[in-house]
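Have a look at the structure below, then the notes.
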Amino acid sequence: MTRRSRIRRLAPGSHLPALVVTLIIAAVAALFAASYSLAMADPKPHDVPIGLVSSAVTPTQLRAALAEPTTTTTFRITTFPTTADALAAIQDQRIYGALADDGTSGRLYVSSASGDSVARLLEADAPALETAFGHPVTVEDTHPLSPGDPSGLVLFYVPLVAVIIGFLGAVQTRTNAAKLTIRGELSWDLVRSVLAAFAIVLSIGVILRIMPMPFLPAWGVPALTMLVAGMTYNVFRMLIGARWALLPTWVVFVLISNPASGGAVAPSLLPPFYEFIGRWMPTGAAVNAIRDLAYFPGNLHAEPYIVLGAWLVVTTTLFVALRLYRFGPGVPGDAVNGFVHRPAVAEDGPTSDTTPNPIVTSK
């Protein structure tokens, strides 16, 4: 066998697609590791918002006392007239902590629920404050984390599970129930998301009591997140076909949205790109919504729900429009019930609208 014939045997068959997939997976693996490492391996606090209540200590003095020559940590200090005002700002999550100092003693308020990594950073600076100001500084955690989640990681794990189950559920539904109409697809997406979210909140909040939270509102957040993840996959499935739709979905959620969420590492410790984009991505919005429900039920914010709602409306609208354009409301590829069938972007590879020629036998 010549060299040319061996190449012809390897290239056109199954080996070439396998090679392409292998190279793509290798690149995605590198991006996966790099994204999480850049976001969370070496957190660098920058512009961390904190408060100051004092007539004896100025913001410049506090900033100097907190400064560490070996780090790039910076703080954005806001002064408040009273301790109650500073505590209200912590409750509203506008600041991570505050120092109340009357010149003879100080109290450093931190909020682990707002960001455990920042709370530990501020608590570690208490001895430096005592040295700089010459009097005791007591640390008080205004919003401690649940004993079942002392590091606050469940705030990250719940949205992470919701995202992954959301798009994997959509993949498996389309793979194992390929003949659903558009109404069937949307109905099962909704049922699957609601049931899986119920199971998550039941296990975490009720059975294991790892992170107690109001059941019904907390049920809605992962359900919305799952729907968004599933609909995003559905959009890519309509655009580029089922073979490759999982790849861009994985990039959007696992490579970008999850590490930027601020769940495992507080947003002020993330690199600027991740800090900016995190709050506008589904995982980050879900983290913020669950944090509010679990630890700040009296200070709920509308932004996470607006973000999740916007993602759901946009992705669902795109999916429905593309689905109707390609297949109509019926079963995919159904020429009777379908609206328009576009064979150029077929689900499982190229198809043809022509009927195969009948086999002609000679007499």
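For the sequence shown, counting from 1, position 361 maps to 361 in UniProt numbering; every step adds exactly one.
Ideal placement from N, C-alpha and C gives every residue a C-beta, glycine not left out.
Inter-residue spacing [alpha-carbon to alpha-carbon] between residue i and residue j
i	j	result
Asp47	Val118	11 Å
Val139	Gly298	24 Å
Gly169	Met231	11 Å
Ala113	Thr142	9 Å
Leu322	Leu202	36 Å
Ala124	Ala218	33 Å
Thr82	Tyr109	13 Å
Ala67	Ala128	9 Å
Leu255	Pro45	22 Å
Leu312	Val228	5 Å
Ala34	Ala27	11 Å
Ile24	Ser14	16 Å
Val340	Ala260	Unreliable positioning characterises Val340 in this predicted model, as indicated by a pLDDT of 44, which lies under 50. The coordinate reading is nonetheless provided below. Distance between the alpha carbons of Val340 and Ala260: 40 Å.
Arg243	Arg237	8 Å
Arg174	Leu153	32 Å
Phe198	Asp189	14 Å
Gly338	Leu224	Low per-residue confidence applies at Gly338: pLDDT is 37, beneath 50, and the placement is therefore not dependable, though the value from the model is reported in the following sentence. Those two C-alpha atoms are separated by around 29 Å.
Ile207	Pro43	34 Å
Leu99	Gly115	17 Å
Val191	Asp92	34 Å
Tyr36	Val314	27 Å
Pro272	Glu303	20 Å
Leu87	Ala196	37 Å
Ala126	Val137	6 Å
Val307	Leu122	30 Å
Ile240	Val251	15 Å
Leu270	Phe327	43 Å
Phe32	Leu247	12 Å
Thr351	Tyr157	Caution applies to Thr351, whose pLDDT of 43 falls short of 50 and renders its modelled position unreliable; the value that the coordinates give is listed next. Each residue's Cα considered, the two are about 41 Å apart.
Phe276	His301	18 Å
Leu180	Leu216	30 Å
Leu145	Ser151	7 Å
Thr316	Pro267	29 Å
His135	Phe296	32 Å
Gln61	Arg107	16 Å
Glu185	Ile200	22 Å
Beta-carbon proximity of residue i to residue j, cut-off 7 Å
i	j	result
Leu155	Gly278	no
Asp149	Ile210	yes
Ile165	Gly97	no
Met40	Val265	yes
residue 370	Pro222	With the chain represented from 1 up to 363, any question about residue 370 goes unanswered, as that position is not in the structure.
Ile90	Ser111	yes
Met226	Ser257	no
As assigned by DSSP and simplified to three states, the class of residue i
i	result
Pro43	coil
Val345	Low local confidence applies: a pLDDT of 44 at Val345 is under 50, so the model's placement there is unreliable, with the coordinate-based value given in what follows. If DSSP states are grouped into helix, strand and coil, Val345 belongs with the helices.
Phe75	strand
Val57	coil
Glu130	helix
Tyr36	helix
Leu52	strand
Val20	helix
Ala177	coil
Arg94	coil
Glu68	coil
Arg209	coil
Gly148	coil
Val139	strand
Gly298	coil
Ala100	strand
Val331	coil
Gly230	helix
Leu153	coil
Gly115	coil
Cβ-Cβ separation, residue j to residue i (assumed contact under 8 Å), whole Å
i	j	result
Thr249	Tyr274	Not really, about 19 Å apart at Cβ, beyond 8 Å.
Val287	Ile182	Wrong, their Cβ atoms sit about 32 Å apart, outside the cutoff.
Val235	Leu318	5 Å
Ile77	Arg94	Wrong, their Cβ atoms sit about 13 Å apart, outside the cutoff.
Asp102	Ser54	7 Å
Gly205	Met213	5 Å
Phe133	Ala65	7 Å
Thr79	Leu52	5 Å
Leu160	Thr283	7 Å
Ala289	Tyr305	6 Å
Any C-beta of chain C under 7 Å from that of residue i
i	result
Leu208	Chain labels in this structure do not include chain C; a single protein chain is all it has.
_Suppose only complete runs of 4+ residues qualify. What are the alpha helix (DSSP H) ranges in the region 240-283, listed by chain order?_
246-250 and 272-278
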